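Mapping to the working numbering: the sequence shown position 97 is 226, numbers consecutive.
Glycine included, each C-beta is placed from N, C-alpha and C at the ideal position.
Here the structure is a predicted model, which is why all the values come from computation and not from measurement.
Working notes, structure below.
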Amino acid sequence: MPLYLSRFSYAPETWARLIGHPEDRAEAARSYIESVGGKLHGFWYAFGTHDGYNLWEAPNNVSMAAVALAISGGGALSSFETTVLLTVDETLEALGRAGHVRYRPPGAER
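And the structure:
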């Protein structure tokens with residue numbers, strides 16, 4: 130199954146609610162991804178541009194998109210970004226195929 134890395138930031142109101150009523154949001158995240166047949170591999174909080182990171186596994190892009198849309202639509206986050214992660218083997222396969230793509234840079238001679 131594909132892996133996905135999500136970066137999120139809570140809205141200020143969400144932090145205020147968590148300060149008043151701390152809870153383990155990793156368990157909530159686990160239930161979201163499991164509802165589409167996936168698995169949560171990790172949940173971390175961080176300092177910096179984003180408040181936290183998740184590593185998910187989902188059956189496909191549509192399943193992960195459903196989870197991302199549900200979370201984003203909930204209003205608790207100020208940002209939510211997800212990146213599809215490729216294995217080394219998938220990247221090597223893409224590199225092999227890239228040589229057959231007839232790409233022409235903008236403005237280049239035909």
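Collapsed DSSP secondary structure at N190 in the structure displayed: The three-state reading of DSSP puts N190 in helix, counting H, G and I together.
Check your understanding: For A199, which option in Y133, H179, Y161 and E238 has the closest C-alpha, if you only look at C-alpha atoms?
Key -> The option with the nearest alpha carbon to A199 is Y161.
Below 8 Å between beta carbons: does that hold for L213 and Y133? The identity of residue 213 in the sequence shown is Val, whereas the question assumes Leu. In this structure, Y133 lies closer than 8 Å to V213 by Cβ.
Spatial distance of W185 from P235 (CA atoms): Roughly 36 Å separates the two Cα atoms.
In chain order, what residues of the same chain have a beta carbon less than 8 Å from the beta carbon of N190, not counting five sequence neighbours either side? Closer than 8 Å at the Cβ level, and outside the excluded window around N190, lie P131 and V213.
Query raised in the report: Got a sec? Which residues, its chain only, sit under 6 Å from W144 by beta carbon, not counting five neighbours each side?
Result: Hits under 6 Å: none found.
Confirm, please, whether the CB-CB distance from V165 to S192 is below 8 Å.
At a Cβ-Cβ threshold of 8 Å, S192 and V165 count as neighbours.
### Query
What span of residues does the beta strand (DSSP E) with Y139 cover, start to end?
Start and end: L132 to Y139.
- Query: If you check the beta carbons only, do P151 and G167 fall under 8 Å apart?
  - Reply: With a cutoff of 8 Å on beta-carbon distance, P151 and G167 are scored as not near each other.
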